[in-house]
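Enquirer: First the structure, then my questions, so here it is.
Number of protein chains: 2
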Amino acid sequence: MAEKTKELVESWSFLDTVESNFRPLVVIELAKGTKEETIEWFTKRIMDKKANGGAQLLIKPLVTENGVENIYLVGASHLRLLLGAETVGLVKECSDNSMRTFTYSSRKTFKDFADDNHNFLTMAECQYIIKHELENLRAKDEKMIPGYPQAKLYPGKSIVRRLLTSGILVQIFPLHDREELKKLRHSWYGRVKVGYQPLDDIRCYFGETIALYFGFLEYFTFALIPMAVIGIPYYVFAWEDYDKYVMFATFNLLWSTVILEVWKRICAILTYRWGTLLMKRQFEEPRPGFHGVLGINPVTGREEPVYSSIKRQLRIYLVSLPFVCLCLYFSLYVMMIYFDLEQWALDYHKENESNFSSLMLYVPSIIYAVVIEVMNRIYRYAAEFLTSWENHRLESSYQNHLILKVLVFNFLNCFASLFYIAFVLFDMKLLRQSLATLLITSQILNQFAESLLPYWLQKRYNRRMKKRMCSQKTDMDLSLADQVNMEKEMGTYLGTFDDYLELFLQFGYVSLFSCVYPLAAVFAVLNNITEIYSDALKMCRVYKRPFAEPTANIGVWQLAFETMSVISVVTNCILIGMSPQVDALFPDSKMDLVLTVALVEHLLLAIKFIMAFVIPDKPRDIQMKLARLEFESLEALKQQVRAFQMQLHFPLIHHSSFHTLEYLLLQH
Amino acid sequence: MAEKTKELVESWSFLDTVESNFRPLVVIELAKGTKEETIEWFTKRIMDKKANGGAQLLIKPLVTENGVENIYLVGASHLRLLLGAETVGLVKECSDNSMRTFTYSSRKTFKDFADDNHNFLTMAECQYIIKHELENLRAKDEKMIPGYPQAKLYPGKSIVRRLLTSGILVQIFPLHDREELKKLRHSWYGRVKVGYQPLDDIRCYFGETIALYFGFLEYFTFALIPMAVIGIPYYVFAWEDYDKYVMFATFNLLWSTVILEVWKRICAILTYRWGTLLMKRQFEEPRPGFHGVLGINPVTGREEPVYSSIKRQLRIYLVSLPFVCLCLYFSLYVMMIYFDLEQWALDYHKENESNFSSLMLYVPSIIYAVVIEVMNRIYRYAAEFLTSWENHRLESSYQNHLILKVLVFNFLNCFASLFYIAFVLFDMKLLRQSLATLLITSQILNQFAESLLPYWLQKRYNRRMKKRMCSQKTDMDLSLADQVNMEKEMGTYLGTFDDYLELFLQFGYVSLFSCVYPLAAVFAVLNNITEIYSDALKMCRVYKRPFAEPTANIGVWQLAFETMSVISVVTNCILIGMSPQVDALFPDSKMDLVLTVALVEHLLLAIKFIMAFVIPDKPRDIQMKLARLEFESLEALKQQVRAFQMQLHFPLIHHSSFHTLEYLLLQH
């Protein structure tokens, strides 16, 4: 085993002396006992020239005290990264402050560009480029991965994805930059201060998707503050007048529409500044888990696995849909058990009234809140399994089906009991109590399960690791090998899904029954402030660094939040209509009451849609900048056509007598 | 005067002998008494080479018996048209049946292309190209139009637009192709047959916008047939059972959602076949009527008139909006007068019951229908004036504001009385009668005012013209000069706005109160069948040939129709809830009735939105074809980048020692 690897190590250590600025960016961990020929072939493919179908990257085995451990560091030369930036379509700021797609030929026009400025691309961008290049390293004429006949390849198949699915490649992850991370931690949550998050720094370090989540979280928290401020006097002065509730609910509804529309604008400002608003969508490759029999893909014309769309539809409608319905039924069943418990607690309280029994009143709600969280998490696994089994070809389609499944279930699971209390039992007191218990319990559970528990586990593990290493070494600065070994054991951040879902449910608690429990916004604000810190902690301390993912918006979540705000118009109108104060306004006829409520509801919905239509999605200056870019690209195209026409005309004069005559006449 | 023109004529008649296939495509009519120097300059600019900023087209004065009449014919060489097709981004069918953007260099790959096949581009396409080239003929360093110091020019200003706004240019219109038109007329409405319209031929002759209107009209007619068929037994058997009405209304609502969704798919199929689905949007120039002080346009960086957006907003919100509100108020006032008249007629009928008095019952409705039509038309002029005064920079923005103004007023004007009868008077009998009278009267008026009257006028004029010409000549085949003279006097077709508006209002009559008057769909179908014929007649016989306009969809009308179908869900649910049969179902509590109706309404709306979301906007095969094109263009881009990278590497080896070393190492 050792011979070939040794050779490689030696040749690389030679490179190390020449290429003194090899900067390790990405770590590749291969399975223990991976065959020599596989490693040799894989590293050769990574280093091979682009022209030969390689990735033309630099790769270097990690040497620790225990020898070579099948861990490799990947880097790239500065020039290679610049060319890669052009391939992935990176958008950077020019010297004249406009954002443009980076091309190598126009590199001099970009801000801060210099041939020797290796910080022109951020580390996260470099890592994204390397990930892209590795994933686009494709099989040529190999039929299988050398040494593993069962790991089939076909021309055009991504090698890294096959290595991952066949278990030879354990993981690929980007390295943390300890210096940068320290600075970021300090400015993000290191000091006690009131102020905005350093979103641009977060974006530089973690990429746009994560920065946008934190941007949304911050924006959403600020947006909730007016609701919270208005909500406080309702609690303090125990306002119960219907007119104040109507005012609160109306303000709430219009406000929730406005904040969602304004978010689109802020999102456009952020992603314009980060360049992702202008980034062209790349052609989507099949997701790693996609399988099927080899066939001709009608779109690309390439031979690759195809899977019948009808089969997938059958799986969706005959298996997934019934399963989701069953889960929804089960969730409702659990809800009914909760109401039995609630009744039992109430009876118990009535029979033997004591401090203990009045405390017991809260127990069913708390138990139910815990059960809801547990069910949500179990269902999440089932939904992931099912959606993966549906065998979607594209990651985006997989994500959409997963999000839809999870949203529907979580919505019903969290809010069904509240709807039941409000519109079947008509018990406003119980509604308020349940709402408060559910909201607060779920927030505490989430914070604990999401950030504090992993943080504690990670900290314990780190302490153990450090102790072990300190026993061997004296200097506190970790070597590269130690850093890699430590980071590869850290948990993997699975994306912003859970974080958005949490915010979505919170938005539901705040808006659906806002007029019954105006204090909900206050708790939401408090939770979100700690959420920012605990999520930041999670990103910086608990998880491996995630790869940066460019994104231009929060995607399907915008739609989810908007749907929630439409539903909340309906629920709030009904709640107000049911309140005894409003009831008292129409002493003669319940009919008039209901008709008035329905009318108001329709008016509010109409106003909502008109507002969403009238408020432009992008601020005027961004619109102008986009128009300017579009204009320039059209002008450039025209110039090209014109240049082409010029080229064309002169040869024609020599070749075609008919055209010659015509042009001579036109010139005259 | 005659000298210079004569020279031009002579040089052109010389060209005539050489360029034997000069095909007149577009007619330019200059004002009588236009100065010589202007004509000379204008024709020179049109003929000048592209490289000199000209349009490089062919132009020829029209010579009639009365000498030169300031009418010019414009044509272009075959090559020029092909290059123009590339400039406007025409999409044509390739030999492998895929649709691709035409480029001159790839011309050989296109279906039916041959260097001597002058029918590769349809005449409408050629005319569209010439129009585009003429409109893009821009001032270079001219400060004004020669001979007209008041007609200012600045670099980049479209010359033709300035000539039009200063009245020197009377009109530009494309010539009819009498042969083709005859064929089209025959296959369109010349023979009595049941079948589809020749949409592809219409598109070839009139362009995509008009063909798409006729496609929509035909589709809409077919889509109404099921409603009409179901509606007939309600009339015949006088069904008044609530359950049948509920069934009809529910079917109607779901059906109206389905037909609007399916139309999007059919529209995609049509426009894919016609190539406009793939056509890139051109950068929009300011509309001809736009004025302002010279300034720097922030988007283009060019000096051109700019107009403050705040001023425009002030005009919209301080003048237009109050004016529209005033008109709406006036319309409601007229409606109240109508109800007084109605009451008066009823009283009269009660006092002296006779055949005459029972006929008198219909008179107010008919008068009101006529008044509505008249008010709609007057308001239309006011709206056009106001929107033009708002001084929108882009034609699209002008159109959107105009359509919004007109739609709101027409909707209220046509349907306010019906809403009043239904939801204030609760008089279902009167509602049915009013609906029938309004629908039928407006249909008759429209057909008359839109097609038959202009046709009759045109026919009379043609007969007079022919008589005059026949007295001078014997051959019946009109010469080119006669044809031009005849066509230039024809009316100008002002676009599909009125036609769509008519369909929109008809859709309102059919769907808003469908459960009260199921027969409406029958009348709509009958009207639409004759509408197809009268509109076809109008296009072929009454109006000048319009310029073809590429379009990919019916634009804002899709939204308008969808909004109408949402409103109709609400009205139908209320109507059903108000019917005595449904009333009888809830004898104990009106509350339950209203709540049930509200619940059903919300359910229907939810189903509507889910259906709109679930039904894909484009059929699967079109989606695949689009994905294939996107994939190809991304691949081509990658190839370019790759080729560029190759080019780049070799020089680098010679120039930079650092990079040389690196590449040598990587090769090794």
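Listed in order, the protein sequences are those of chains A and B. For our numbering, add 540 to where a residue sits in the first sequence, where the first one is 1. For our numbering, add 540 to where a residue sits in the second sequence, where the first one is 1. In this text, a Cβ means the ideal position worked out from N, Cα and C, and glycines have one as well.
In the DSSP output, which residue or residues are listed as bridge partners for residue 826 of chain A?
Expert: Answer is A:934, bridged to residue 826 of chain A.
Enquirer: Can you look up residue 694 of chain B in the DSSP assignment and give me helix, strand or coil?
Expert: coil
Enquirer: Comparing the C-beta of residue 1130 of chain A with each C-beta of chain B, is any distance below 9 Å?
Expert: yes
Enquirer: Cβ atoms of residue 821 of chain B and residue 932 of chain B: under 9 Å apart, would you say?
Expert: With respect to residue 821 of chain B, residue 932 of chain B sits apart: the two C-beta atoms are not nearer than 9 Å.
Enquirer: Mind pulling the beta strand (DSSP E) runs of 3 or more residues that sit fully within the region 666 to 714 of chain A?
Expert: 688 to 692 and 709 to 714
Enquirer: How is residue 1087 of chain A classed by DSSP in three states: helix, strand or coil?
Expert: In this structure, residue 1087 of chain A counts as coil in the three-state DSSP scheme.
Enquirer: Using the beta-carbon count (16 or more within 10 Å), is residue 748 of chain A buried or exposed?
Expert: Burial is judged here by how many other beta carbons sit within 10 angstroms of a residue's own beta carbon; residue 748 of chain A has at least 16 and is buried.
Enquirer: Assuming residue 766 of chain A is part of the alpha helix (DSSP H), what are its boundary residues?
Expert: 748 to 776 is the span of the alpha helix (DSSP H), which, as asked, contains residue 766 of chain A.
Enquirer: Between which two residues does the beta strand (DSSP E) harbouring residue 640 of chain A extend?
Expert: 639 to 641
Enquirer: List the endpoints of the continuous alpha helix (DSSP H) containing residue 886 of chain A.
Expert: 861 to 891
Enquirer: For residue 822 of chain B, decide whether its Cβ has a neighbour in chain A, counting only Cβ atoms nearer than 9 Å.
Expert: Yes, contact with chain A.
Enquirer: Taking the Cβ atom as the reference point for each residue, do residue 753 of chain A and residue 1073 of chain A lie within a distance shorter than 9 Å?
Expert: no
Enquirer: Cβ of residue 816 of chain B within 9 Å of Cβ of residue 631 of chain B?
Expert: yes
Enquirer: What distance in whole Å lies between the Cβ atoms of residue 952 of chain B and residue 1231 of chain B, which are believed to be in contact at a cut-off of 8 Å?
Expert: In the structure as shown, chain B begins at 541 and stops at 1208. Residue 1231 of chain B is therefore absent and cannot be evaluated.
Enquirer: Could you work out which residue in B:621, B:581 and B:641 is closest to residue 680 of chain B when comparing CA atoms only?
Expert: B:581
Enquirer: Can you find a CB in chain B that lies within less than 9 Å of the CB of residue 839 of chain A?
Expert: yes
Enquirer: Rounded to the nearest angstrom, how far is the Cβ of residue 569 of chain A from that of residue 776 of chain A, given a contact under 8 Å?
Expert: About 57 Å; that fails the 8 Å criterion.
Enquirer: Who are the neighbours of residue 1168 of chain B on chain A, taking C-beta pairs under 9 Å?
Expert: 838, 839, 840 and 841
Enquirer: Just the C-alpha distance for residue 1023 of chain A and residue 1031 of chain A, rounded to the nearest angstrom, thanks.
Expert: In this model, residue 1023 of chain A and residue 1031 of chain A are separated by some 15 Å (Cα to Cα).
Enquirer: Express the C-alpha separation of residue 565 of chain A and residue 605 of chain A in angstroms, rounding to a whole number.
Expert: 21 Å
Enquirer: Going by Cα to Cα distance, which pick from A:693, A:715, A:770 and A:718 is closest to residue 706 of chain A?
Expert: Of the listed residues, the one whose Cα sits closest to residue 706 of chain A is A:693.
Enquirer: What in chain B is Cβ-close to residue 1138 of chain A, meaning under 8 Å?
Expert: 1134 and 1138
Enquirer: Taking Cβ to Cβ, would you say residue 1152 of chain A is nearer than 9 Å to residue 801 of chain A?
Expert: Residue 1152 of chain A is a Cβ neighbour of residue 801 of chain A, given a cutoff of 9 Å.
Enquirer: Closest to residue 884 of chain A by C-alpha separation, out of A:914, A:895, A:868 and A:905, would be which residue?
Expert: A:905
Enquirer: Return helix, strand or coil for residue 1140 of chain B, following the three-state DSSP convention.
Expert: Under the three-state reduction of DSSP, residue 1140 of chain B is assigned to helix.
Enquirer: Secondary structure at residue 615 of chain A, three-state DSSP: helix, strand or coil?
Expert: strand
Enquirer: Compile a chain-ordered list of the residues in the region 1101 to 1122 of chain B whose CB is closer than 8 Å to at least one CB of chain A.
Expert: 1110
Enquirer: Report yes if the C-beta distance between residue 626 of chain B and residue 644 of chain B is below 9 Å; otherwise report no.
Expert: Yes, the pair counts as a contact, with Cβ atoms nearer than the cut-off.
Enquirer: Which bits of chain A does residue 963 of chain B rub up against, with CB to CB less than 7 Å?
Expert: Correct list: empty, because the minimum Cβ distance to chain A is about 10 Å.
Enquirer: Pull the bridge partners of residue 569 of chain B from the DSSP assignment, please.
Expert: According to DSSP, which records beta bridges pairwise, residue 569 of chain B is partnered with B:611 and B:711.
Enquirer: Would you mind reading off the limits of the beta strand (DSSP E) that contains residue 1032 of chain B?
Expert: Residue 1032 of chain B -> no beta strand (DSSP E), and no H or E assigned at all.
Enquirer: Under DSSP, the alpha helix (DSSP H) around residue 913 of chain B begins and ends at which residues?
Expert: 903 to 929
Enquirer: Using DSSP's beta-bridge definition, name the partner residues of residue 835 of chain A.
Expert: A:844
Enquirer: What residues from the region 927 to 953 of chain A come within 7 Å of chain B, judged by C-beta to C-beta, listed N to C?
Expert: none
Enquirer: Among B:1131, B:987 and B:1053, which one has its Cα closest to the Cα of residue 1231 of chain B?
Expert: Residue 1231 of chain B falls outside the range modelled here, since chain B spans only 541 to 1208, and no answer is possible.
Enquirer: Out of curiosity, what's the CA-to-CA distance linking residue 1013 of chain A and residue 666 of chain A?
Expert: Caution applies to residue 1013 of chain A, whose pLDDT of 48 falls short of 50 and renders its modelled position unreliable; the model cannot decide the point.
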